[in-house]
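Asker: Chains as they are written, first to last, in the working numbering: chain L, 128 to 312; chain G, 128 to 312; chain U, 128 to 312; chain P, 128 to 312. All C-beta atoms, glycine included, are put in the ideal place defined by N, C-alpha and C. The following block contains the structure, expressed as structure tokens.
4 protein chains.
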Amino acid sequence: MKKPGVKDRIIETASRLFYLNGYNQTGINQIIDEAGVAKASMYQHFRSKEEIAVSYLERRHRLWTDSLMKRISAVDAPQDKIMATFDYLEQWLKEVDYRGCGWQNIITDLPVDQTRIREQAVFHKNEVKEVIIDILQQAYTTEKATVLGKQLMVLMEGAIILSQIQKNPWPIQSAKEAGASLLEI
Amino acid sequence: MKKPGVKDRIIETASRLFYLNGYNQTGINQIIDEAGVAKASMYQHFRSKEEIAVSYLERRHRLWTDSLMKRISAVDAPQDKIMATFDYLEQWLKEVDYRGCGWQNIITDLPVDQTRIREQAVFHKNEVKEVIIDILQQAYTTEKATVLGKQLMVLMEGAIILSQIQKNPWPIQSAKEAGASLLEI
Amino acid sequence: MKKPGVKDRIIETASRLFYLNGYNQTGINQIIDEAGVAKASMYQHFRSKEEIAVSYLERRHRLWTDSLMKRISAVDAPQDKIMATFDYLEQWLKEVDYRGCGWQNIITDLPVDQTRIREQAVFHKNEVKEVIIDILQQAYTTEKATVLGKQLMVLMEGAIILSQIQKNPWPIQSAKEAGASLLEI
Amino acid sequence: MKKPGVKDRIIETASRLFYLNGYNQTGINQIIDEAGVAKASMYQHFRSKEEIAVSYLERRHRLWTDSLMKRISAVDAPQDKIMATFDYLEQWLKEVDYRGCGWQNIITDLPVDQTRIREQAVFHKNEVKEVIIDILQQAYTTEKATVLGKQLMVLMEGAIILSQIQKNPWPIQSAKEAGASLLEI
DNA sequence: CATGAATGAGTTTTCATTCAT
DNA sequence: CATGAATGAAAACTCATTCAT
């Protein structure tokens, strides 16, 4: 039982600050101060701020999808899993005071050269989309599952960003209703 | 027919830069250089960078909604107007190379104290939502129009942000399909 | 009678520090501290440290060649002017404690991308060479003056760098002797 | 026949980097990376970066003078040996793309406290000067050899630094001509 | 109403060196 | 004899804003 290593402390601190305050609003100095690490130690583990962000998004992808998988594994029927996904969004976003999606937030106002961050966002959204489609394939043909999955994915993304702007859960509820309609539940 | 005044030149230049390059990526110096005005002249018209952003969003709201209204006024049936809205999104986003929504982009990574920008985003999204609901009230009860309008609004927001991440129009097409399903077209 | 402007103070301070301590050994902070200028003020006048160095070398070229011209204008015969040039080197280098040549010193250990500094060094040395050749053309054919001028130029460069390494005037005296031999004085 | 030890690998790597890229432009990290040794291993063998530079210059002195001696041993007459020295300079500098003299390059922009490096430069230049004088003593009195040797030494130094600035062999050729004149060849 | 010089506090990144193992 | 993590200090540069004219 030892205290977490420097690299982990940096990632955890940066994850918190990047998500809550934003990537551009979070300086290297704040990260190292709050992580209790020397600046050069940080640059021993990460080549650049962008690389920290990539680690942040990789970690976030693991945690976020794990949470989602856990939640939807509690129910069996594909339609129930989709509804559970909307419930998951609602609960998560409420807990973080509608701070929105880490990937959406970071790519919207990014220095042009930081392409690895963009790749992370594309990857994450594709992975989530595949999860949705996989669920639907238990009830529909592959073709139908793909069509529906994309529609549900769009609904979820809209629910996240709109609830962030409005600081209100109604977009998530509307998305859930719309999702139910599309699934003809 | 005279050349635009200082204030307008600043707003126009800032609008272009804020939207295309991002709010945090655009410095005051770049704005005044490209607008061809002195720094202190700029601060005579705007108290702060945030205030320029507010003017940018006000102007953008006018232009964006005008374009939308013009587009949907070309058709009569409420359902057609909704479909035209999706077509409008698709064309617009293609033209700007899927640069996304000016309001979404600016609020996701913002200093905490810049509340007036947030207010602009809330206002804009509410206005657009009201436009959608107004259209639907021509075909449905107020209650039904409100419910459907919110769902369509969520779809549109998701289409914008997801097409931005993927640099691809498929989310807009999926949103349109889903919108058609919800309207039972 | 007003105090010198910020830009001049920066150039003068940087000139002193670059020459006496070296380009790499002189940081931006030291320059602005000793010049009594804010960092951003400095960057308003100079785009980069390299640009300060270019201004330093331009200024140094003016001052250095002016001093030389003044010295050699005191005598008439071309051979005397050349000897006066060696005397000038000897006196100058003694006064600066054999700190050597500003252009030699700056190009020998320079970041590869700073090409404008290299251009300054090439320019300065060519100008000095032309001064020498011009003098000799008063006594020799253009061809002979060119050949001899290059040889004298090499002697002078060697005298400067070798007196710098040895912290001793003997290389300048040897160069003067050799110069006299070459001119058959 | 075994692979070179850690210390030698460091010296060889540092020699290459210090000479080709410059002392200030070469970081400790680059040296240990390219030498494939751990940082603390390096500091086991060398107290500081300066000490590596001293070893680099010691090694360079051996290699450089050995090459020169080999070249001039091919001819017998003292005057031919001097001419061969100029030829050696020309060939060497062309091969290294006129990168100049390792000692000149390192002392011109150095932290003031690194005196041991300066000592190396003084030592090397004196040794070379003595080589020249020794050659000349085969044809002249000691006094005459000393006078001429110093003049030739200045010419060579000038040829090296000026060919470095101009990235051109003309200063070496001019130095050779001047040397021939001084030797009355 | 217009100007450009000046600023303090910030940014990200790199340096040579030391220490615990 | 070897290691890689950790460091304080410094590097060059940019930010939004203010002020005297």
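What is the DSSP secondary structure of P:Y146, reduced to helix, strand or coil?
Answerer: As a first step, residue 146 of chain P must be located in the fourth sequence, where it is residue number 19. In this structure, P:Y146 counts as helix in the three-state DSSP scheme.
Asker: First and last residue of the alpha helix (DSSP H) that includes G:E304?
Answerer: Position 177 of the second sequence, counting from 1, holds the residue named residue 304 of chain G. Taken as a continuous stretch (DSSP letters only), the alpha helix (DSSP H) holding G:E304 covers 297 to 309.
Asker: From the beta carbon of L:M196, is the nearest beta carbon of chain G less than 8 Å away?
Answerer: Counting from 1 along the first sequence, the entry for residue 196 of chain L is found at position 69. Closer than 8 Å: no.
Asker: Do you know whose CA, among L:S168, L:D214, L:A141, lies nearest L:P298's CA?
Answerer: One-based indexing of the first sequence puts residue 298 of chain L at position 171. Ranking the options by Cα distance to L:P298, first place goes to L:D214.
Asker: Name the residue from U:L279, U:G229, U:G285 whose alpha carbon lies nearest to the alpha carbon of U:E311.
Answerer: Walking along the third sequence from the start, residue 311 of chain U turns up at place 184. When only C-alpha atoms are compared, the closest one is U:L279.
Asker: For P:Y150, decide whether its Cβ has a neighbour in chain U, counting only Cβ atoms nearer than 8 Å.
Answerer: Mapped onto the fourth sequence, residue 150 of chain P falls at position 23. Answer yes: the Cβ-Cβ gap between P:Y150 and chain U drops below 8 Å somewhere.
Asker: State the CB to CB distance for the pair G:A302 and L:V281, rounded to an integer number of angstroms; the pair is presumed to be in contact (CB under 8 Å).
Answerer: Working through the second sequence from its first residue, we reach residue 302 of chain G at position 175. Working through the first sequence from its first residue, we reach residue 281 of chain L at position 154. Yes, they are in contact, since the Cβ atoms of G:A302 and L:V281 sit about 5 Å apart, within 8 Å.
Asker: Mapping the DSSP letters down to three states, classify U:A167 as helix, strand or coil.
Answerer: On the third sequence, position 40 is the one that residue 167 of chain U refers to. Looking at U:A167 - three-state DSSP - the assignment turns out to be helix.
Asker: The ligand SAH and U:R226: does any heavy atom of the ligand fall closer than 7 Å to the residue's C-beta?
Answerer: Within the structure as shown, the ligand SAH is missing, as the structure has no ligands at all.
Asker: To the nearest angstrom, how far is it from the Cα of G:N151 to the Cα of G:G227?
Answerer: Residue numbering aside, residue 151 of chain G sits at position 24 when the second sequence is read from its first letter. Residue numbering aside, residue 227 of chain G sits at position 100 when the second sequence is read from its first letter. When rounded, the distance between both Cα atoms is 16 Å.
Asker: I need the straight-line Cα distance from G:R187 to G:P238, nearest angstrom please.
Answerer: As a working note, residue 187 of chain G is residue 60 in the second sequence. As a working note, residue 238 of chain G is residue 111 in the second sequence. Cα to Cα, G:R187 sits roughly 21 Å from G:P238.
Asker: From the DSSP output, in three-state form, read off U:V198 for me.
Answerer: Here the question's residue 198 of chain U lines up with position 71 in the third sequence. Looking at the sequence shown, residue 198 of chain U is not Val but Arg. Three-state result, U:R198: helix.
Asker: Should P:Q277 and P:K256 be called a contact, given that it needs their Cβ atoms to be closer than 8 Å?
Answerer: In the fourth sequence, the residue the question calls residue 277 of chain P occupies position 150. In the fourth sequence, the residue the question calls residue 256 of chain P occupies position 129. According to the sequence shown, residue 277 of chain P is Lys rather than Gln. Result yes, Cβ atoms of P:K277 and P:K256 sit closer than 8 Å.
Asker: What are the boundary residues of the alpha helix (DSSP H) that includes G:D261?
Answerer: For this step, residue 261 of chain G is matched to residue 134 along the second sequence. It spans 242 to 263 - the alpha helix (DSSP H) in which G:D261 sits, taken as one unbroken run.
Asker: For the segment 156 to 167 of chain G against the segment 136 to 148 of chain G, do three or more pairs of beta-carbon atoms, one drawn from each stretch, fall closer than 8 Å, so that the two count as touching?
Answerer: Touching, per the Cβ criterion.
Asker: Does any residue of chain U bring its CB to less than 8 Å from the CB of P:E161?
Answerer: As a first step, residue 161 of chain P is located in the fourth sequence; it is residue number 34 there, counting from the start. False, the Cβ-Cβ gap to chain U never drops below 8 Å.
Asker: Which of the three DSSP states, helix, strand or coil, is assigned to G:D214?
Answerer: Start at 1 with the first residue of the second sequence, and residue 214 of chain G comes out as number 87. G:D214 falls in the helix class under three-state DSSP.
Asker: Nearest to G:G229 by CA position, among L:T235, L:N156, L:G154, is which residue?
Answerer: Walking along the second sequence from the start, residue 229 of chain G turns up at place 102. Among L:T235, L:N156, L:G154, the Cα nearest to that of G:G229 is on L:T235.
Asker: Can you tell me which of the three DSSP states L:L220 falls into?
Answerer: Taking the first residue of the first sequence as position 1, residue 220 of chain L is located at position 93. Three-state DSSP puts L:L220 in a helix.
Asker: Kindly list the residues whose CB is nearer than 7 Å to the CB of U:R243, restricted to its own chain and excluding five residues on each side of it in sequence; keep chain order.
Answerer: Within the third sequence, residue 243 of chain U is the residue found at index 116, counting from 1. Hits under 7 Å: E177, V181.
Asker: So what does DSSP say about U:T140, is it helix, strand or coil?
Answerer: For the purposes of this step, residue 140 of chain U is taken as residue 13 along the third sequence, with counting starting at 1. It is helical.
Asker: Would P:L190 pass as a contact of P:T212 if the rule is Cβ separation under 8 Å?
Answerer: Taking the fourth sequence and counting its residues from 1, the one referred to as residue 190 of chain P is at position 63. Taking the fourth sequence and counting its residues from 1, the one referred to as residue 212 of chain P is at position 85. No, these two residues do not count as a Cβ contact at 8 Å.
Asker: Can you give me, in chain order, the residues of the segment 175 to 196 of chain G that have a beta carbon less than 8 Å from any beta carbon in chain L?
Answerer: For the segment 175 to 196 of chain G, which is checked against every Cβ of chain L, not one residue is closer than 8 Å.
Asker: Nearest to G:E185 by alpha carbon, out of G:N295, G:T268, G:F250?
Answerer: Start at 1 with the first residue of the second sequence, and residue 185 of chain G comes out as number 58. Checked all of G:N295, G:T268, G:F250; the closest Cα to G:E185 is G:F250.
Asker: The alpha helix (DSSP H) that contains G:A286, what's its start and end?
Answerer: The residue labelled residue 286 of chain G in the question sits at position 159 within the second sequence. 269 to 293 is the extent of the alpha helix (DSSP H) around G:A286.
Asker: What residues in its chain sit with their C-beta under 7 Å from that of U:K129, if we drop five residues either side in the sequence?
Answerer: To locate residue 129 of chain U, count along the third sequence from 1; it is residue 2. Here U:K129 scores only 40 on pLDDT, less than 50, and its place in the model should not be relied on; the value that follows carries that caveat. Closer than 7 Å at the Cβ level, and outside the excluded window around U:K129, lies no residue.
Asker: Assuming the contact rule is C-beta atoms closer than 8 Å, P:L144 and P:I158 should be a hit. Round their C-beta distance to whole Å, please.
Answerer: The count along the fourth sequence starts at 1 and reaches residue 144 of chain P at position 17. The count along the fourth sequence starts at 1 and reaches residue 158 of chain P at position 31. Confirmed, Cβ separation roughly 6 Å.
Asker: So, is the C-beta of P:T235 closer than 8 Å to a C-beta in chain U?
Answerer: Counting from 1 along the fourth sequence, the entry for residue 235 of chain P is found at position 108. Interface residue, yes.
Asker: Quick one: which residues of the segment 240 to 257 of chain U get their C-beta closer than 7 Å to a C-beta of chain P? List them in chain order.
Answerer: Residues A248, V249, K252.
Asker: Would the beta-carbon of U:I288 fall within 8 Å of that of P:Q231?
Answerer: Along the third sequence, read from residue 1 onward, the residue named residue 288 of chain U stands at position 161. Along the fourth sequence, read from residue 1 onward, the residue named residue 231 of chain P stands at position 104. Yes; because the gap between Cβ atoms is below 8 Å, this pair is in contact.
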